[in-house]
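Reviewing the structure listed below.
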Amino acid sequence: MKKVFFVLIVIVFLIELKASVTVEYKTRLASEIIKTEFVEGIEYFNVYELNKAFKAQIVEGVLDQRLNINIYDEQLIFLLESSYLSFHSELYNYTFPIIQKDEKYLIPVKFLEEILPLIIPDKISYTNNKIVATTPIDNSIRTIVLDPGHGGKDPGAVSFSKDNFEKDIVLIITRKLEKMLSDSLGVKILLTRDKDEFVSLQQRTQFANGNNANLFISIHCNAHYNKKIDGIEVYYLSTAKTDDARAVEALENKVVYEFEGGEEAVKKYDDLAFILADMAQSEHLEESYDLGMKLQNALVNSTNSYNRGVKQANFYVLRGAFMPAVLVELGFLSNKEEEKKLINSKYQDKLVRSMFEGIRDFKFKYDKMQ
Ligand SMILES: [Zn+2]
68 MKKVFFVLIV IVFLIELKAS VTVEYKTRLA SEIIKTEFVE GIEYFNVYEL
118 NKAFKAQIVE GVLDQRLNIN IYDEQLIFLL ESSYLSFHSE LYNYTFPIIQ
168 KDEKYLIPVK FLEEILPLII PDKISYTNNK IVATTPIDNS IRTIVLDPGH
218 GGKDPGAVSF SKDNFEKDIV LIITRKLEKM LSDSLGVKIL LTRDKDEFVS
268 LQQRTQFANG NNANLFISIH CNAHYNKKID GIEVYYLSTA KTDDARAVEA
318 LENKVVYEFE GGEEAVKKYD DLAFILADMA QSEHLEESYD LGMKLQNALV
368 NSTNSYNRGV KQANFYVLRG AFMPAVLVEL GFLSNKEEEK KLINSKYQDK
418 LVRSMFEGIR DFKFKYDKMQ
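What follows is the structure in structure tokens.
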């Protein structure tokens with residue numbers, strides 16, 4: 068009995084011992100640890116570790132049952148529910164299929180230790196139980212600016228009950244999102260305001276530009292004179308307008324008239340600066356749209372809220388951001404039911420979790436390497 072126990076301890080110890088794979092880089096002293104885990108005796112690692120170690124881009128194709136991974140500019144296609152990946156039209160077998168656990172994709176470690184060195188030998192080798200890799204160039208998303216709308220003398224939308232202000236709710240939600248992103252994504256998160264203070268729209272994007280942010284996310288709650296209107300929508304910048312978008316745009320831009328110096332201030336925003344800013348944003352239009360879609364889908368799926376879609380509008384706060392930028396409207400405070408939800412901490416957590424997932428997926432898709 069004692070012997071069996073001893074053997075068990077040794078086995079457990081050995082498993083513990085091999086719960087990671089070390090990656091060393093050719094031109095960098097620091098190394099990276101890829102955490103692994105055992106499921107039914109097989110050692111796996113989370114696909115997102117490839118992003119951490121090699122700046123790989125990961126795109127989940129849920130519909131076509133594929134996982135596309137761009138690593139050192141090479142395209143690897145994993146066929147889900149099989150143990151094969153396709154590379155340069157050849158199939159490679161890593162013995163056990165990819166599994167899904169807690170919404171993560173787990174790949175057998177054999178892929179790291181045998182397949183990867185085999186297919187890109189000039190970048191990756193495996194010796195002495197370590198991976199030695201060419202140092203990837205880090206062009207990844209490192210700094211994200213979160214922008215809780217309004218603040219100070221500008222309350223934003225006033226709720227159905229008249230008891231709650233947009234500025235307070237979005238600050239709470241933004242702080243929660245800040246925590247989740249910095250805890251789990253390893254990126255620098257900056258807030259345009261972290262207390263109840265007035266910040267002009269121009270200061271917000273200047274702050275993001277000045278800090279070389281890679282993403283700008285403005286967080287708001289909506290309002291409508293028709294109290295029945297509800298739902299979630301996400302905006303990215305454009306001069307093209309629909310009537311609905313124009314209404315929300317007017318609401319969010321109102322601050323310029325009311326608190327930033329009226330017509331004159333509007334003119335300042337509207338002049339040459341706008342043309343330049345618009346050009347800067349149009350460079351990022353596709354990425355902004357993609358980020359918008361990811362946020363919108365995640366938010367609507369988790370809350371079952373009415374899907375008002377991803378729209379283009381001409382927001383002052385998005386102008387002048389030299390990076391992908393979106394404005395999220397988390398729900399209508401003017402709607403009795405949505406007010407109740409938006410002030411509920413559990414519901415806020417749900418919104419935060421969804422935004423986190425959208426941002427995470429965007430990051431892993433767009434993180435580039437060379
Ligand atoms: Zn707002």
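Count along the sequence shown from 1, add 67, and you get the number used in my numbering.
Positions of the beta carbon are idealized from the N, C-alpha and C atoms, including for glycine.
Bear in mind the structure is a predicted one, so any value in this text is a computation, not a measurement.
Between Y414 and F145, what straight-line distance do the alpha-carbon atoms span, to the nearest angstrom? Stepping through the sequence shown from its first residue, residue 414 is reached at position 347. Stepping through the sequence shown from its first residue, residue 145 is reached at position 78. Answer to the nearest angstrom: the Cα atoms are 35 Å apart.
Please write down, chain order preserved, every residue whose beta carbon lies under 7 Å from a heavy atom of ligand 1. Summarising the contact set, residues whose Cβ lies nearer than 7 Å to any heavy atom of ligand 1 are, in chain order, G216, H217, G223, A224, E233, H287, C288, L318, E319.
In whole angstroms, what is the alpha-carbon distance linking L343 and Q270? Counting from one through the sequence shown, the residue named residue 343 turns up at place 276. Counting from one through the sequence shown, the residue named residue 270 turns up at place 203. Bear in mind that a pLDDT of 49 at L343, under 50, signals an unreliable position, so the model cannot answer this.
Taking the continuous beta strand (DSSP E) assigned at T89, which residues delimit it? Within the sequence shown, residue 89 is the residue found at index 22, counting from 1. Unbroken beta strand (DSSP E) run through T89: 87–92.
Leaving aside the five residues before and after E99 along the sequence, list all residues of the same chain whose C-beta is less than 6 Å from its C-beta, in chain order. Position 32 of the sequence shown, counted from the start, is the residue given in the question as residue 99. Excluding residues within five positions, the ones whose Cβ falls inside 6 Å are V90, A120.
Span of the alpha helix (DSSP H) around L352: Residue mapping note: residue 352 aligns to position 285 of the sequence shown, counting from 1. Counting along the chain, the alpha helix (DSSP H) containing L352 begins and ends at 352–370.
Using C-beta distances below 7 Å, list every residue in its chain close to Y383, excluding the 5 sequence neighbours before and after it, in chain order. By 1-based counting over the sequence shown, the position of residue 383 is 316. Within the same chain, Y383 has close Cβ partners L268, N320, V323, Y336.
From the DSSP output, read off the bridge partner residues of I474. No answer is possible for residue 474: it lies beyond the span of the chain, which begins at 68 and ends at 437.
Where does A241 fall in DSSP's three states? Taking the sequence shown and counting its residues from 1, one reaches residue 241 at position 174. The residue you asked about is not Ala; residue 241 is Thr in the sequence shown. Correct three-state label for T241: helix.
Whose C-beta lies closer than 6 Å to the C-beta of E180 among residues of the same chain, with five residues either side of it excluded? Counting from 1 along the sequence shown, the entry for residue 180 is found at position 113. When the five nearest sequence neighbours on each side are left out, the beta carbons in the same chain lying within less than 6 Å of the beta carbon of E180 are those of Y193, in order along the chain.
Rounded to whole angstroms, how far is the Cβ of G219 from the Cβ of E264, which I believe are closer than 8 Å? The residue given as residue 219 occupies position 152 in the sequence shown. The residue given as residue 264 occupies position 197 in the sequence shown. Their Cβ separation, rounded to whole angstroms, is 5 Å, which keeps G219 and E264 in contact under 8 Å.
Under 8 Å by Cβ, that's how I've got I299 and V367 pegged, so tell me the actual separation to the nearest angstrom. Reading the sequence shown from its first residue, position 232 is the one you call residue 299. Reading the sequence shown from its first residue, position 300 is the one you call residue 367. Correct: roughly 6 Å between the Cβ atoms.
Quick one: using the 10 Å Cβ neighbour count with 16 as the cut-off for buried, is L339 buried or exposed? Residue mapping note: residue 339 aligns to position 272 of the sequence shown, counting from 1. Here L339 scores only 48 on pLDDT, less than 50, and its place in the model should not be relied on; the value that follows carries that caveat. Its Cβ having fewer than 16 others within 10 Å, L339 is exposed.
When DSSP builds the beta bridges, which residues end up paired with E104? Looking up residue 104 in the sequence shown gives position 37. Beta-bridge pairing links E104 to Y111.
Count the C-beta pairs between the stretch 379–393 and the stretch 274–293 that are closer than 8 Å, then say yes if the count reaches three, no if not. In short, these stretches touch, since the Cβ pair count reaches three.
Should H155 go down as buried or exposed, given a rule of 16 or more other Cβ atoms within 10 Å for buried? One-based indexing of the sequence shown puts residue 155 at position 88. A residue is called buried once 16 or more other Cβ atoms fall within 10 Å of its Cβ, and H155, having fewer, is exposed.
DSSP state of K262, grouped into three classes? Mapped onto the sequence shown, residue 262 falls at position 195. The answer is coil: DSSP assigns K262 none of H, G, I, E or B.
List the DSSP bridge partners of K168. In the sequence shown, residue 168 corresponds to position 101, counting from 1. Note: K168 sits in a beta bridge opposite K171.
R260 and P222: beta carbons closer than 8 Å? Here residue 260 corresponds to residue number 193 of the sequence shown, with the count starting at 1. Here residue 222 corresponds to residue number 155 of the sequence shown, with the count starting at 1. No; because the gap between Cβ atoms is not below 8 Å, this pair is not in contact.
So, A86 versus E104, is the Cβ gap smaller than 8 Å? As a first step, residue 86 is located in the sequence shown; it is residue number 19 there, counting from the start. As a first step, residue 104 is located in the sequence shown; it is residue number 37 there, counting from the start. Going by C-beta atoms, A86 is nearer than 8 Å to E104.
Quick one: Cα of E141 to Cα of R420, how far? By 1-based counting over the sequence shown, the position of residue 141 is 74. By 1-based counting over the sequence shown, the position of residue 420 is 353. Distance between the alpha carbons of E141 and R420 is about 31 Å.
Decide if P175 is buried, meaning its Cβ has at least 16 other Cβ atoms within 10 Å, or exposed. Translated into positions along the sequence shown, residue 175 becomes position 108. Under this definition P175 is a buried residue.
How many whole angstroms separate the CB atoms of D434 and I208, which I take to be in contact at a CB cut-off of 8 Å? Position 367 of the sequence shown, counting from 1, holds the residue named residue 434. Position 141 of the sequence shown, counting from 1, holds the residue named residue 208. D434 to I208, Cβ: 6 Å. Contact.
Report the rounded CA-to-CA distance for H291 versus D297, giving the unit in angstroms. Here residue 291 refers to the residue found at position 224 when the sequence shown is read from its first residue. Here residue 297 refers to the residue found at position 230 when the sequence shown is read from its first residue. Going from the Cα of H291 to the Cα of D297 covers about 9 Å.
Cβ-Cβ separation, Y151 to Y159 (assumed contact under 8 Å), whole Å: What you label residue 159 is simply residue 92 of the sequence shown in a count that begins at 1. What you label residue 151 is simply residue 84 of the sequence shown in a count that begins at 1. Indeed, because the Cβ distance is near 7 Å, the residues count as touching under 8 Å.
List the residues that DSSP assigns as beta-bridge partners of Q379. What you label residue 379 is simply residue 312 of the sequence shown in a count that begins at 1. Note: Q379 sits in a beta bridge opposite Y303.
Close beta carbons around E249, own chain, < 7 Å, minus the five adjacent residues each side: Position 182 of the sequence shown, counted from the first residue, corresponds to residue 249. Here the sequence assigns Ser to residue 249, which means Glu is not the residue at that position. Only I256 meet the Cβ criterion.
Per DSSP, which residues does F232 bridge with? Please list them. Reading the sequence shown from its first residue, position 165 is the one you call residue 232. V225.
For H287 and V377, believed in contact at Cβ under 8 Å, the rounded distance: Within the sequence shown, the letter at position 310 stands for residue 377. Within the sequence shown, the letter at position 220 stands for residue 287. With 8 Å as the limit, V377 and H287 do not qualify as a contact, their Cβ atoms being about 15 Å apart.
E110, buried or exposed, once every other Cβ within 10 Å from all chains shown has been counted against 16: The residue given as residue 110 occupies position 43 in the sequence shown. Result: buried.
Who does T194 pair with in a DSSP beta bridge? Numbered from its first residue, the sequence shown carries residue 194 at position 127. Answer is K197.
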